[in-house]
Structures are given as structure tokens and as C-alpha cells.
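Numbering (full-length UniProt numbering), first residue to last: 1 to 587. This report refers to the structure that appears directly beneath it.
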Ligand code: ARG
């Protein structure tokens, strides 16, 4: 494998060698190397070591400096402040490093695979059957998709699970309603599919819900229908299957619009665990993890109490014998641990479900299904807010349909694209418009840390300036345009050339891609990658302002600057792909 040792790691190794040569007992000490504005890197680790060895930190630092091998990699190392080391690397080391990255035959820019990959099951993009997707479903899909890509890139085995809401009381209600109002299905849902069918189904669902809430007798009939469904009654099951199939067609169309691949076998909804529910309850009851309370099967927690001070249990089985959301999730954990062999299970779910997951995970730990080797983690995300800072709603106060929102983003982006590039055909404008619009929506979501709420502001999202995907896409397209203009002259590294400050800053940042990806994957934090990419584009912009590329002084310098531009573009492209965002060649 052609992984490239980063400059940071190489410098770190040099310092560690010098440290252990100076202080043998510091052989395993971390020099605490960071990128720095004052030099290329700063190492702060000597302070703590000096304290331990009861030595003067500046003296110790000076001794270490004497032992640092310089020349090829490290150009200069100086003591600064109370005992920091300021380190500058050679221009040659920077260019050599980038050349090795560009030459990686796997096209991974020298990014290594993680040392001990495992299996992660990720639960994300989980809409509900017979309901339209709304803005709340956006985050789970977008964040989950990026985490999948990041983990797979590091070599992790990833199993995707779309835990769709396809089971429970609401289906009894819907099926019963349709049985009682057969004409509603005939003229509404018979001939249409996709978005329109789902919009009809959503309306029927709401009508059924109104009946259910206001008519006690209907409620009883609907409940009986749930029992029929769970018992496998053929007619009831056939109707249910129809809703599921119709909904899936719709889900696929929305995910397609989101430029996201969702595979049918990965859709394992709540219904998929139906056959495990009874056993899950039995195991929990036999082990004493769950107890009967007022007819229900419950798990209690010392630290979880309601406003009245009474403990709030996790209800695994209701007093009427019905199973709810928790029983399904507990069964899914058993499946993921024992059948799918997960080492980690991630749930990309709204923070408003945190209490549910806290209780479910704790229950699974008590049952021995989760432990130090098999961990579950809720990647909890915040709420999407409107411009007014309140949860995003339509003017009429209804939840916003995801498709409407995506269509609007595409429309706005198309306007921006049309205005900027006069030489694009209508077809190209449409294609770029959707890549830019969907990219804008994804980037706005991924560039804030998941746990925070953010404002859905299309004006800001499609702006060419600032921390937006459009800015990054333009940086990429601009580099492609430079490479096209270069014609016969191809990018080539010239390690013997001296580098300007802007070139060094850009090169050192490109080198950090591997570490950034590793960190973003380890912490399930795509926003760290987004921040890195934004800085990469900004550093490219200042490089481009200060260093003429095609008009550089010598032919070698032209080639070297083309090379720097090219490796920047490839890093941008790879990084954006890990966020699920396209980088069009022309904009
Ligand atoms: N369908 C649920 C919703 O829309 C999200 C499911 C989350 N995953 C899970 N395993 N509970 O809120």
C-alpha cells in the first residue's frame, strides 16, 4: 500500500529521537507537535518533561535542539518562549511529500488505512412509511452518508441500516381507515407513484389519524387491526406491503434527488425485528433486567425520573401485550451484535430521542449485549431552524416537506450558475444547478457540528463567498480551468525549487488531509473535514492571488505551481466526495 508518512509524523519522529537521546527516560514522551503560525510547527511537550525531570525547560529545550538532525527534513529548530520548539521544514520536504501523495497508485493521496479496522453498523436515513419526508429527515441522511464514506475510506467494514418506521399502531389505523373508505384509495393512489402517491398517502394518514383521535370505536377497530397485522393476517399484510412498496419508491426518489445511494437490502425497518420481539422480552425478563409493573414489562433507572420525581421506565412491552419502539430497538441491537458482528453501532438520530437511546443502551448493557468491546453511540443531531431561529416551518406553520426544500435549493443554485457561466448549455446548467444546490444543502448541514442546531438559510447557502460548498466547488473548477489553459504543459513536481510563503502554507495544509480524515472518521465528525476543506480552498485562493501560475518566472516554476494546484484539486475532490458533494469540472 502506498500510504505516505505525513510531514507532521516525520517531524514528530525526529523530535522523539532527539528527546530520547537527551533524556533516555523520555523515550515514549509525546513532543506535542502542532501546526503553528510562527513557524511551520511548534512542539510544547518539553515543558511537562522538564517539570518531571526537575530541569530548566529552556535548557532542556536547547539540549534537544542540539540533537535534532537537520538538513533534509527539518530546516531549522529554535527554542522559543518558556521552552517551546519552533520548527521549520525544508521546501524540498514539502514538495517531495506532495509528490508522493500525488503518485499514490490507489488514488488515496497517500492516506493510510486505519490500523485495526472493525465492523460498524450505522443506523441512518430512516424515514417513516406512509409519511412524507420532512426537513428533520435531512440531517440523518446527510450526516449518516458522510460518516459511512469516511469510515469506509479508513478501511472499516460498514453495514448500513435504514431503520424505517414501518410497523405499529399507525398501520392498523391506516389499513382500517382504507378498508372503511375504499374509494379513497381507488381514485387517489391507484395511478400515481412516487411523490404524488406519497402526498396522497400522507393525506390519508392524516385523515385516519383524525378519526383515530376522535372516534373511540374506530380506535378499537384500528387496534384490532394492529393485532391482525402482527399475527400475519393475509389481507391486512397485503395492504401493509402495498404501503411499504409505495413508500420505498418515494424514498428512493428523494434519496436520488439528494444524490445519495440507498440500497434496498439495507432497508431493514422496524417490522424486520418482529420475530425477535418475544424472545427479547423473555431474555430481559429472565435475566431480571426488566420487571413487570402495572401489567407492562419495564426497565427502571436510578437516574431517570419524571418531573414528579417518579422513575420513568423504558416500556418494553405494554400492558395490552403490544410492543413499541423500544422492543424493536432492543431486538435490533441483538441482531447487530450477534448476527452482523458489530464492534460499534452508531445511531444518527435527532437529539430529541436521546433519552430513548440512553435507556435502550443501558438496558442492552445490563443484558450483556453491549459491553466494552461492543459499543453503541447516538450521533445526536440538533434541529433545523428557520431564519427566525425557531424550528423550521412553512408560513402556515406546517412542517416543511423535504422535496420542496430541495427543489428550491436547486432552483436558487441554478440561478447562481446561470449568472456566472454564460457559456453553459441549458442541460449543463440544470446538472450543475442540482450539484451546486444539493451540495449547498449538504454542506450547510455538515459544516456545523452535528449536535448544534442550525438555520436553514438558502441565501447564505448558495453564496459564492464565505464558508459554503459553492465556494469550494468554484475553487475546484477554477483549478480545472487553469489546468485546461495550461494545454500541453503538465503539472510536475520540482523539489529543488524554493517555495513562496503561500505555497508552503498550501502544501503543509494538503499534507494534513490524512490526519484530518482520520480524526473526522474516529470522532464521527464530518464538520472537521468541512472546516479543513474550507481552509484548503482559502489557502488556494491566497496562493493564486500571490503566485502567478501560468505566468510564473520559469517553466519549471509553472510546472511546479500547476502541480501544487492539481494536488490541491485532488484533495478538494476527494474531501468533498467524503462529504457526499460533487465537484463539477466547470462552473
Ligand atoms: N423513524 C424514526 C423517526 O423518523 C427514526 C429511527 C431511528 N432509528 C432507530 N433505530 N430508532 O424518528
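Beta carbons: idealized from backbone N, C-alpha and C, even for Gly. Since the model is a prediction, treat every value here as computed from it, not as a measurement.
**Item:** Where residue 213 falls: helix, strand or coil (DSSP)
**Value:** Judged by DSSP in its simplified three-state form, residue 213 adopts helix.
**Request:** Quick one: using the 10 Å Cβ neighbour count with 16 as the cut-off for buried, is residue 467 buried or exposed?
**Result:** Under the 10 Å beta carbon count, residue 467 is surrounded by 16 or more other beta carbons and is classified as buried.
**Message:** the ligand ARG and residue 163: does any heavy atom of the ligand fall closer than 6 Å to the residue's C-beta?
**Reply:** Yes, the beta carbon of residue 163 sits closer than 6 Å to at least one heavy atom of the ligand ARG.
**Request:** Determine the contact status of residue 133 and residue 402, defining contact as a CB-CB distance below 7 Å.
**Result:** Yes. Within cutoff.
**Item:** C-beta contact flag for residue 172 and residue 210 at 7 Å
**Value:** Contact flag unset, no.
**Request:** Could you give the DSSP three-state label for residue 436: helix, strand or coil?
**Result:** Correct three-state label for residue 436: helix.
**Prompt:** Can you name, in chain order, every residue of its own chain whose Cβ lies under 8 Å from the Cβ of residue 270, other than the five neighbours on each side?
**Reply:** Correct list, in chain order: 163, 164, 165, 166, 167, 168, 325, 328.
**Request:** Return yes when the C-beta of residue 170 is under 6 Å from any heavy atom of the ligand ARG, and no when it is not.
**Result:** No, the ligand ARG has no heavy atom inside 6 Å of this Cβ.
**Message:** Relative to the C-alpha of residue 289, which candidate in 362, 157, 78, 44 has its C-alpha closest?
**Reply:** Cα-wise, what sits closest to residue 289 is 362.
**Item:** Buried/exposed call for residue 69, threshold 16 Cβ in 10 Å
**Value:** Classification of residue 69: exposed, given that the 10 Å Cβ count is below 16.
**Prompt:** Does the segment 121 to 141 come close enough to the segment 253 to 263 to have 3 or more Cβ pairs within less than 8 Å?
**Reply:** Between the segment 121 to 141 and the segment 253 to 263, the count of Cβ pairs shorter than 8 Å is three or higher; the stretches touch.
**Request:** Report the residue from 435, 381, 119 whose alpha carbon sits nearest the alpha carbon of residue 452.
**Result:** Measuring from the Cα of residue 452, the nearest candidate turns out to be 381.
**Same chain, Cβ closer than 6 Å to residue 546, neighbours up to 5 away in sequence not counted** = Within the same chain, residue 546 has close Cβ partners 502.
**Asked** Using a threshold of 6 Å, is the CB atom of residue 145 nearer than that to any non-hydrogen atom of the ligand ARG?
**Response** Not one heavy atom of the ligand ARG sits closer than 6 Å to the Cβ of residue 145.
**Prompt:** Is residue 348 near the ligand ARG, judged by its Cβ being under 6 Å from some heavy atom?
**Reply:** Judged by the Cβ position, residue 348 fails to qualify as a neighbour of the ligand ARG at the 6 Å threshold, every heavy atom of the ligand being at least this far.
**Message:** Given this structure, state the Cα-to-Cα distance separating residue 142 from residue 465, to the nearest angstrom.
**Reply:** Residue 142 and residue 465 have their C-alpha atoms roughly 23 Å apart.
**Message:** Does residue 121 come out as helix, strand or coil in the three-state DSSP assignment?
**Reply:** Residue 121 falls in the strand class under three-state DSSP.
**Request:** In the DSSP assignment, find the alpha helix (DSSP H) that holds residue 378 and state where it starts and stops.
**Result:** Counting along the chain, no alpha helix (DSSP H) covers residue 378; the unbroken beta strand (DSSP E) around it starts and ends at 375 to 381.
**Request:** Grab me the residues of residue 590's own chain with a C-beta within less than 7 Å of its C-beta, minus the 5 sequence neighbours each way, in chain order.
**Result:** In the structure as shown, the chain starts at 1 and stops at 587, and residue 590 therefore has no counterpart that could be examined.
**Prompt:** Do you know offhand how far residue 21's Cα is from residue 29's?
**Reply:** Per the coordinates, the alpha-carbon of residue 21 lies some 12 Å from the alpha-carbon of residue 29.
**Message:** Cutting at 6 Å between CB atoms, please list the residues of its own chain near residue 580, excluding the five before and the five after it.
**Reply:** Within the same chain, residue 580 has close Cβ partners 145, 146, 442.
**Asked** Should residue 447 and residue 509 be called a contact, given that it needs their Cβ atoms to be closer than 7 Å?
**Response** Taking C-beta atoms as the reference points, residue 447 and residue 509 fail to come closer than 7 Å.
**Prompt:** Closer than 6 Å: is that where the CB of residue 467 sits relative to any heavy atom of the ligand ARG?
**Reply:** The answer is no for residue 467.
**Message:** Taking 6 Å as the cut-off, is the C-beta of residue 339 nearer than that to any heavy atom in the ligand ARG?
**Reply:** For residue 339, the shortest separation between its Cβ and any heavy atom of the ligand ARG does not lie below 6 Å.
**Prompt:** Can residue 329 be considered in contact with the ligand ARG, in the sense that its beta carbon sits closer than 6 Å to one or more heavy atoms?
**Reply:** For residue 329, the distance from the CB to the nearest heavy atom of the ligand ARG is below 6 Å.
**Prompt:** For residue 502, which three-state DSSP category applies?
**Reply:** Reduced to three states, the DSSP call for residue 502 is helix.
**Item:** Residue interval of the beta strand (DSSP E) (run including residue 80)
**Value:** Per DSSP, residue 80 belongs to the beta strand (DSSP E) from 74 to 80.
**Item:** Where residue 192 falls, given that 16 or more other Cβ within 10 Å makes a residue buried
**Value:** Residue environment for residue 192: exposed (fewer than 16 other C-beta atoms within 10 angstroms of its C-beta).
**Message:** I need the DSSP call for residue 162, collapsed to helix, strand or coil.
**Reply:** Three-state result, residue 162: strand.
**Prompt:** For the ligand ARG, any of its heavy atoms closer than 6 Å to the Cβ of residue 126?
**Reply:** Yes, since a heavy atom of the ligand ARG falls inside the 6 Å radius drawn around the Cβ of residue 126.
**Request:** Report the three-state DSSP secondary structure of residue 84 (helix, strand or coil).
**Result:** Shown here, residue 84 sits in a strand according to DSSP, grouped into three states.
**Prompt:** How should residue 355 be labelled, buried or exposed, when 16 other C-beta atoms within 10 angstroms of its C-beta is the threshold for buried?
**Reply:** Residue 355 comes out exposed.
**Asked** Is it the case that the CB of residue 266 approaches a heavy atom of the ligand ARG more closely than 6 Å?
**Response** No.
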